[in-house]
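The C-terminal position of the sequence shown is numbered 582 in the working numbering, with every residue numbered one higher than the one before it. Only one structure is covered here, and it is reproduced in the block below.
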Amino acid sequence: MDRAPHPRTTRLRRNVTRLTCAFAATALGATALVALGGGTASGATSGAATAAAANLAQNPGFESGLSGWTCSAASGTTVASPVHSGSAALKATPAGSDNARCAQTVAVKPNSSYTLSAWVQGSYVYLGASGTGTTDVSTWTPSATGWQQLSTGFTTGANTTSVTVYTHGWYGQPAYYADDISLAGPGGDPGDPVPGAPSGLKTGAVTSSSIDLSWSPVTGATGYNVYRDGSKVQSVGGTSATVTGLAPSTSYQFQVTATNAAGESPRSAAVTGTTSAGGGGGGGTVPKHAVTGYWQNFNNGAAVQKLREVQDQYDIIAVAFADATGTPGAVDFTLDPAVGYGSEQQFKDDIKAKQAAGKSVVISIGGQNGTVSINDSTSANNFANSVYALMREYGFNGVDIDLENGLNATYMTQALRSLSAKAGSGLVITMAPQTIDMQSTSNAYFQTALNIKDILTVVNMQYYNSGSMLGCDGKVYSQGSVDFLTALACIQLEGGLSPSQVGLGLPASTRGAGSGYVSPTVVNNALDCLARGTNCGSFTPSRTYPGLRGAMTWSTNWDATAGNAWSNAVGPKVHGLP
Numbered sequence: 005m006d007r008a009p010h011p012r013t014t015r016l017r018r019n020v021t022r023l024t025c026a027f028a029a030t031a032l033g034a035t036a037l038v039a040l041g042g043g044t045a046s047g048a049t050s051g052a053a054t055a056a057a058a059n060l061a062q063n064p065g066f067e068s069g070l071s072g073w074t075c076s077a078a079s080g081t082t083v084a085s086p087v088h089s090g091s092a093a094l095k096a097t098p099a100g101s102d103n104a105r106c107a108q109t110v111a112v113k114p115n116s117s118y119t120l121s122a123w124v125q126g127s128y129v130y131l132g133a134s135g136t137g138t139t140d141v142s143t144w145t146p147s148a149t150g151w152q153q154l155s156t157g158f159t160t161g162a163n164t165t166s167v168t169v170y171t172h173g174w175y176g177q178p179a180y181y182a183d184d185i186s187l188a189g190p191g192g193d194p195g196d197p198v199p200g201a202p203s204g205l206k207t208g209a210v211t212s213s214s215i216d217l218s219w220s221p222v223t224g225a226t227g228y229n230v231y232r233d234g235s236k237v238q239s240v241g242g243t244s245a246t247v248t249g250l251a252p253s254t255s256y257q258f259q260v261t262a263t264n265a266a267g268e269s270p271r272s273a274a275v276t277g278t279t280s281a282g283g284g285g286g287g288g289t290v291p292k293h294a295v296t297g298y299w300q301n302f303n304n305g306a307a308v309q310k311l312r313e314v315q316d317q318y319d320i321i322a323v324a325f326a327d328a329t330g331t332p333g334a335v336d337f338t339l340d341p342a343v344g345y346g347s348e349q350q351f352k353d354d355i356k357a358k359q360a361a362g363k364s365v366v367i368s369i370g371g372q373n374g375t376v377s378i379n380d381s382t383s384a385n386n387f388a389n390s391v392y393a394l395m396r397e398y399g400f401n402g403v404d405i406d407l408e409n410g411l412n413a414t415y416m417t418q419a420l421r422s423l424s425a426k427a428g429s430g431l432v433i434t435m436a437p438q439t440i441d442m443q444s445t446s447n448a449y450f451q452t453a454l455n456i457k458d459i460l461t462v463v464n465m466q467y468y469n470s471g472s473m474l475g476c477d478g479k480v481y482s483q484g485s486v487d488f489l490t491a492l493a494c495i496q497l498e499g500g501l502s503p504s505q506v507g508l509g510l511p512a513s514t515r516g517a518g519s520g521y522v523s524p525t526v527v528n529n530a531l532d533c534l535a536r537g538t539n540c541g542s543f544t545p546s547r548t549y550p551g552l553r554g555a556m557t558w559s560t561n562w563d564a565t566a567g568n569a570w571s572n573a574v575g576p577k578v579h580g581l582p
């Protein structure tokens, strides 16, 4: 394989440059709007000419209370002051892991352009649209002490007949206000009226991490939304759903709504379901506290290693990388002659030897050439089948998801669950998202992690090549510090992942990434802060997470190049966590 130097650096740089500039502007107090979550802050995008400029949003000024709007975790209300116009405005208050998302579904026309705007007030207020059929968009302001207008736009897909517009705040921030929300563009055909609320909601089979739900069909409904403890967690086409990613021996409250092109019904009566007892997240037989390292199947200037030479401190070794094939969703693996194996059998023997020593070896999907797209059921099945074939051929314990070209949460979830059904309970699933991918539970990577929580081993987010990012306290932190590691890890820890499913991903040396390298001492201080509440910087988590899984590095090769300084320091710290 022809790999450019620093593949993880190269493949991130275009996106990282844009994000770094955006967050740097935020840190300097700039008022320019930026896009998050793959959206683009702009006016109306190109596409079919807008047939009308009428406001399609129902109750856009909240003069009729919250009619037409649904707010997560009962976070929204209306107030008489402050208002931008009229007699009322929305006030929504984030609490805990809820970001106070208020939304409504609006009928639209396919292949049409729309402009979305709102007047907002408060810190870290977001405006966006999802389900556009093309690129979902969002925009935000870090601080609006008075009324400030946010605006963005999108073009609907060829089969899109409705979109969801929303506002939300940010974790740890005070209440925000919104008023005069406008979605301008051609109105869709609402067809039947908004359906009524579903009835007959009941729980069915339960496990330690999932609960089955069912309800009676609603006349005129084309789909249903499932809410857990006030937050929307699923959209389904039928009258049943399985809610996954739950904690053992825990009670949850569920409601459902019915939807069609005209909008979303009121919520059903609530029911309570309780999961059975059991362990935390699934994901193989790795140690309670584990170190993950990427092994390079190419030569880019780092020390060339055979698997047998990978340092003993590594508990999970991610072979980087599998490559896309001509079949949508499918991947394959070719051993690079540059790493010095005389045969594939020697490589397979090294995998067996590592496993005999108690290590897990997984195949990583991604990398510089990792443009694997899983966006429908066919490609999801192709992915699961091809990864399982590699597991059988080489003996891999599982798979690492390291896609920086974006992923579809629905079909990646389907793919990984299909793989789990084939491979069984010993399957190891790791993920290595960028920091931007885990800023909110609404992001596809975060959604995927929560969707497969019962079979997920660990998420080792990349705390490098990133620039500045928001912590769980709503403050902006720059990479390269203890606070950057702890405040961003807090988002995952408080956003629904088990501590055993959270690891800190850092480069092994200054040559391993374009930016974000920190000394092993900083990594160890962050581990102490999260697990023990000691050696913190200015940010101190509200509680400790002694079950924290551990740490990851790019790569074992760069670690070897630097005399194994990273693994020799961080390995014992991870393995000595409580």
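Yeah, the Cβ is synthetic: ideal placement off N, Cα and C, and Gly gets one too. All values derive from a computational prediction rather than experimental measurement.
Segment limits, beta strand (DSSP E) that includes residue i
{"i": "N264", "result": "255–264"}
{"i": "P511", "result": "506–511"}
{"i": "V527", "result": "Counting along the chain, V527 falls outside any beta strand (DSSP E), though it belongs to the alpha helix (DSSP H) covering 524–536."}
{"i": "A4", "result": "Since the first residue shown for the chain is 5 and the last is 582, residue 4 is missing from the structure and cannot be characterised."}
{"i": "W558", "result": "554–558"}
{"i": "A342", "result": "Neither: A342 is in no beta strand (DSSP E) and is coded neither H nor E."}
{"i": "A162", "result": "From DSSP, A162 is part of no beta strand (DSSP E); its letter is neither H nor E."}
{"i": "G249", "result": "Premise fails: G249 is in no beta strand (DSSP E) and is neither H nor E."}
{"i": "A306", "result": "It is not in any beta strand (DSSP E) - A306 carries neither H nor E in the DSSP assignment."}
{"i": "Q108", "result": "106–111"}
{"i": "T82", "result": "80–83"}
Under the three-state DSSP convention, the category residue i falls into
{"i": "A324", "result": "strand"}
{"i": "Q466", "result": "strand"}
{"i": "W174", "result": "coil"}
{"i": "A39", "result": "Per-residue confidence for A39 stands at a pLDDT of 29, beneath the threshold of 50, marking its modelled position as unreliable; the derived number appears in the next sentence. Three-state DSSP puts A39 in a strand."}
{"i": "C75", "result": "strand"}
{"i": "G575", "result": "helix"}
{"i": "A566", "result": "coil"}
{"i": "G157", "result": "strand"}
{"i": "E646", "result": "With the chain covering 5 to 582 only, the question about residue 646 has no answer from this structure."}
{"i": "N561", "result": "helix"}
{"i": "A99", "result": "strand"}
{"i": "T278", "result": "strand"}
{"i": "Y415", "result": "helix"}
{"i": "Y398", "result": "helix"}
{"i": "G297", "result": "strand"}
{"i": "G267", "result": "strand"}
{"i": "T514", "result": "helix"}
{"i": "T44", "result": "Interpretation of T44 is limited by its pLDDT of 29, a score under 50 that renders its predicted location unreliable; the figure taken from the coordinates is listed afterwards. DSSP places T44 in coil when its eight states are reduced to three."}
{"i": "G580", "result": "coil"}
Under 8 Å between C-beta atoms of residue i and residue j
{"i": "G471", "j": "Y128", "result": "no"}
{"i": "D458", "j": "T434", "result": "no"}
{"i": "T585", "j": "T417", "result": "Coverage of the chain is limited to positions 5 through 582, which leaves residue 585 absent and any answer about it impossible."}
{"i": "A583", "j": "A512", "result": "With the chain covering only 5 through 582, there is no way to say anything about residue 583."}
{"i": "G370", "j": "D316", "result": "no"}
{"i": "L339", "j": "V275", "result": "no"}
{"i": "F387", "j": "G430", "result": "no"}
{"i": "T439", "j": "Y467", "result": "yes"}
{"i": "S186", "j": "V222", "result": "no"}
{"i": "C533", "j": "V486", "result": "yes"}
{"i": "T329", "j": "D336", "result": "yes"}
{"i": "V260", "j": "S272", "result": "yes"}
Contact with chain B by residue i, beta-carbon distance below 8 Å
{"i": "L454", "result": "The structure shown contains no chain B; it holds only a single protein chain."}
Terminal residues of the alpha helix (DSSP H) in which residue i lies
{"i": "T490", "result": "486–498"}
Would you mind listing the beta strand (DSSP E) stretches within the region 122–153 that are 3+ residues and don't spill past its ends, in chain order? none
Please specify which runs of the beta strand (DSSP E), each continuous and at least 3 residues long, are wholly inside the region 345–396, giving them in chain order. 364–370
In chain order, what are the residue ranges of uninterrupted alpha helix (DSSP H) at least 4 long that sit wholly in the region 418–456? 448–455
Let me know the alpha helix (DSSP H) ranges lying completely inside the region 179–236, each 4 residues or longer, listed in chain order. none
Would you call the region 58–70 and the region 78–97 in contact, with 3 or more CB pairs under 8 Å? Under the 8 Å Cβ criterion, the region 58–70 counts as touching the region 78–97, having at least three qualifying pairs.
Flag this pair as touching only if the region 176–193 and the region 214–228 have three or more C-beta atom pairs under 8 Å; answer yes or no. no
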